[in-house]
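Working notes, structure below.
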Amino acid sequence: MLSKELVAASTTTLVLSILSEGEDYGYALIQRVHELSGGDMQWSEGMLYPVLHWMEKEDLIESEWRAAESGHRRKYYRLRQEGRKALRAEKEQWMAVHNLLIKLWKTQPRLT
Amino acid sequence: MENPTPFDLNEAIRLWQQNLGAPPSFCADDLEELASHLRASVQKLKTTGLSEEEAFQTAVRRIGERGQLEREFAKINPAVTWSLPLFSFWLAAGAYLFQVVYWLIVCILTWCARSGWRDDARLVYEAARVGLISRAEAARIGPPFHAFGVPPFLHQPDPRALSIELILVIILIVRLAVGSWKVVGAFIRSFERPIRAALGLVMLGFVVILSPAVLTNYQMGWGFRLAQSTYWPMVTSNEIGQAAVNAVLVCIMVLLARPALRKISPSDHGKAEG
Chain F
1 MLSKELVAAS TTTLVLSILS EGEDYGYALI QRVHELSGGD MQWSEGMLYP VLHWMEKEDL
61 IESEWRAAES GHRRKYYRLR QEGRKALRAE KEQWMAVHNL LIKLWKTQPR LT
Chain D
113 MENPTPFDLN EAIRLWQQNL GAPPSFCADD LEELASHLRA SVQKLKTTGL SEEEAFQTAV
173 RRIGERGQLE REFAKINPAV TWSLPLFSFW LAAGAYLFQV VYWLIVCILT WCARSGWRDD
233 ARLVYEAARV GLISRAEAAR IGPPFHAFGV PPFLHQPDPR ALSIELILVI ILIVRLAVGS
293 WKVVGAFIRS FERPIRAALG LVMLGFVVIL SPAVLTNYQM GWGFRLAQST YWPMVTSNEI
353 GQAAVNAVLV CIMVLLARPA LRKISPSDHG KAEG
């Protein structure tokens with residue numbers, strides 16, 4: 001299970017990445033992360049929405065209420081141009097950290 | 113024999129929403145979205161063999177505790193905490209915004225008066241007082257003006273100077289202090305509830321009456337005399353001078369209010385925990 005801090009730090013990037021594949025709604029985003037992480041990453045479900053709203057205020061994403069199959073309304077989020085730019089920047093940063101860690105761990109002797 | 117009431121998901125969600133809280137932490141949109149989440153979650157959980165009621169209870173647990181949700185949502189729906197600097201800011205902003213509305217109303221009414229639609233003493237008096245029409249024109253428009261009388265403190269500011277000042281000062285207020293249109297939106301959203309909105313309007317009403325900016329600029333009847341004699345004896349009839357005094361006044365208020373306003377800026381929000 002990933003630490004709370006790492007989960008929090010990666011939330012925006014994960015949302016941007018999932019939405020880059022196409023629009024989706026809050027619950028589906030949570031399900032997608034859960035599936036992709038094999039259950040290692042658990043988002044506190046209700047806490048995702050303030051993040052989504054913050055991202056919307058930052059013009060990274062936009063939302064639209066639409067009727068779901070059940071007849072109830074559902075809010076769909078999609079990426080905006082600013083969001084695509086932010087995703088590119090986030091990718092570079094995460095990859096830089098990833099590459100750095102890979103180099104470090106390859107050159108260091110095993111700890112166990 | 114016991115006959116339990118069948119579980120009603122819609123009613124359960126409604127009660128949950130009711131229990132969750134109210135603005136400013138949660139706006140109607142937030143509550144609806146959380147309800148939508150609960151429905152989706154219940155649907156999914158039901159496929160695992162849970163009853164609708166069990167699925168609802170599980171979904172509620174998963175969505176998070178009330179206090180935690182409230183704290184996180186409060187970050188994106190900030191309640192405005194009144195402070196002296198913030199009050200000063202809205203004192204000035206409210207006064208100037210009022211002036212814009214006031215000008216618009218007087219402009220419309222003046223047009224009506226000139227079109228012969230209405231012949232109203234008060235209207236003509238107001239139009240003459242704010243300088244939209246001259247005293248001579250006001251006298252031509254109709255006998256009611258004479259009946260009402262020309263107040264001794266009647267003053268006709270230069271409409272061009274006032275218009276430029278109003279536009280510049282409003283831009284200054286909004287842009288300098290707020291730094292972002294988002295905060296204006298946040299402030300307006302914080303007045304969602306009717307009682308809160310009414311209180312806000314009453315407060316702004318007081319602001320309009322009490323604001324030195326209004327008193328020095330608009331000479332609202334007794335206020336003008338009060339302003340001249342008490343608050344701002346240095347203010348002359350020179351409109352540019354008045355505009356400068358007001359601009360300085362507003363700048364000071366803006367600078368005072370800036371830290372308080374920055375606190376509610378969405379750009380300063382911590383991201384919610386995942």
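So the sequence lines, in the order shown, correspond to chains F and D. Residue 16 in the working numbering is what sits at position 16 of the first sequence, and the numbering runs on without skipping anything. All you need for the working numbering is the position in the second sequence, starting with 1, plus 112. Ideal Cβ placement from N, Cα and C applies to all residues, glycine included. Keep in mind the model is a prediction, meaning the values are calculated, not measured.
(message) Suppose contacts are defined by Cβ-Cβ distances below 8 Å. Is residue 35 (chain F) in contact with residue 174 (chain D) by that definition?
(response) no
(message) Would the stretch 57-73 of chain F count as touching the stretch 89-96 of chain F if we require 3 or more Cβ pairs under 8 Å?
(response) no
(message) Suppose you measure from the CA of residue 12 (chain F) to the CA of residue 117 (chain D); what does that come to, to the nearest Å?
(response) 43 Å
(message) Contact criterion: CB-CB distance below 8 Å. Does residue 26 (chain F) meet it with respect to chain D?
(response) yes
(request) Rounded to whole angstroms, what's the CA-CA distance from residue 41 (chain F) to residue 52 (chain F)? Just pull it up for me. (result) 18 Å
(request) Can you tell me which of the three DSSP states residue 330 (chain D) falls into? (result) Since pLDDT at residue 330 (chain D) reaches only 45, below the 50 mark, its modelled position is unreliable, and no value is offered.
(request) State the Cα-Cα distance for the pair residue 14 (chain F) and residue 186 (chain D), rounded to the nearest angstrom. (result) 23 Å
(request) Please confirm whether residue 78 (chain F) and residue 19 (chain F) have their CB atoms less than 8 Å apart. (result) yes
(message) Quick check on this structure: which residue in F:84, F:1, F:100, F:96 has the alpha carbon closest to the alpha carbon of residue 16 (chain F)?
(response) F:84
(request) Could you check the C-alpha separation between residue 50 (chain F) and residue 22 (chain F) for me, to the nearest Å? (result) 20 Å
(request) Select from D:128, D:145, D:172, D:164 the residue whose C-alpha is nearest the C-alpha of residue 65 (chain F). (result) D:145
(request) Kindly give me the distance between the Cβ atoms of residue 150 (chain D) and residue 172 (chain D), rounded to whole angstroms, as I take these residues to be in contact under 8 Å. (result) 7 Å
(message) At a CB distance below 8 Å, what residues from the stretch 44-60 of chain F approach chain D? Give them in sequence order.
(response) 44, 45, 46, 47, 48, 49, 50, 51, 53, 54, 57, 58
(request) Please compile the residues from chain F whose C-beta is within a distance smaller than 9 Å of the C-beta of residue 124 (chain D). (result) None at all; the shortest Cβ gap to chain F is about 14 Å.
(message) What are the residues in the stretch 66-80 of chain F lying within 9 Å of chain D by C-beta distance?
(response) 68, 70, 72, 73, 74, 75
(message) With the cut-off set at 8 Å, would you say residue 143 (chain D) and residue 132 (chain D) are in Cβ contact?
(response) yes
(message) Rounded to whole angstroms, what is the Cα-Cα separation between residue 29 (chain F) and residue 152 (chain D)?
(response) 12 Å
(request) Could you please give me the residues that DSSP links to residue 123 (chain F) through a beta bridge? (result) Missing from the structure shown is residue 123 (chain F); chain F here goes from 1 to 112 and no further.
(message) My output table needs one value for residue 43 (chain F): the three-state DSSP class, helix, strand or coil.
(response) coil
(message) So residue 142 (chain D) contacts chain F; which residues on that side make the cut at Cβ distance below 9 Å?
(response) 49, 50, 53
(request) Quick one: grab the DSSP three-state call for residue 68 (chain F). (result) coil
(request) Please say whether residue 54 (chain F) and residue 7 (chain F) have beta carbons closer to each other than 8 Å? (result) no
(request) Quick one: list the residues of chain F neighbouring residue 185 (chain D), beta-carbon separation under 7 Å, in chain order. (result) 50
(message) Using only the alpha-carbon positions, how far apart do residue 81 (chain F) and residue 38 (chain F) sit?
(response) 30 Å
(request) Starting from residue 79 (chain D), follow the alpha helix (DSSP H) in both directions and report where the run begins and ends. (result) The first residue shown for chain D is 113 and the last is 386, placing residue 79 (chain D) beyond what the model contains.
(request) Consider the C-beta atom of residue 69 (chain F) and the heavy atoms of the ligand HEM; say whether any pair is separated by less than 7 Å. (result) The ligand HEM is not part of the structure shown, which contains no ligands of any sort.
(request) With distances taken Cα to Cα, identify the nearest neighbour of residue 179 (chain D) among D:127, D:138, D:126. (result) D:138
(request) Taking 8 Å as the cut-off, decide whether the C-beta atoms of residue 47 (chain F) and residue 184 (chain D) are in contact. (result) yes
(request) Using only alpha-carbon positions, find the residue among D:148, D:159, D:130, D:141 that is nearest to residue 26 (chain F). (result) D:148
(request) To the nearest angstrom, report how far apart residue 176 (chain D) and residue 99 (chain F) are at their CA atoms. (result) 35 Å
(message) For residue 123 (chain D) and residue 33 (chain F), I'd like the C-alpha separation in whole angstroms.
(response) 30 Å
(message) Would residue 152 (chain D) pass as an interface residue toward chain F - the criterion being a Cβ-Cβ separation below 8 Å?
(response) yes
(request) Using 10 angstroms around the beta-carbon of residue 230 (chain D), count the other beta-carbons present and answer buried if the total reaches 16, otherwise exposed. (result) Note that residue 230 (chain D) scores 48 on pLDDT, short of 50, meaning its location in the model is unreliable; the coordinates nonetheless yield the value given after this. Residue 230 (chain D) is exposed by the Cβ-count criterion.
(request) Output, in chain order, the set of chain F residues within a Cβ distance shorter than 9 Å of residue 157 (chain D). (result) The premise fails here: residue 157 (chain D) is roughly 11 Å from chain F at the closest Cβ pair, so nothing lies under 9 Å.
(request) Check the Cβ-Cβ distances between residue 181 (chain D) and every residue of chain F, and say whether any is below 8 Å. (result) yes
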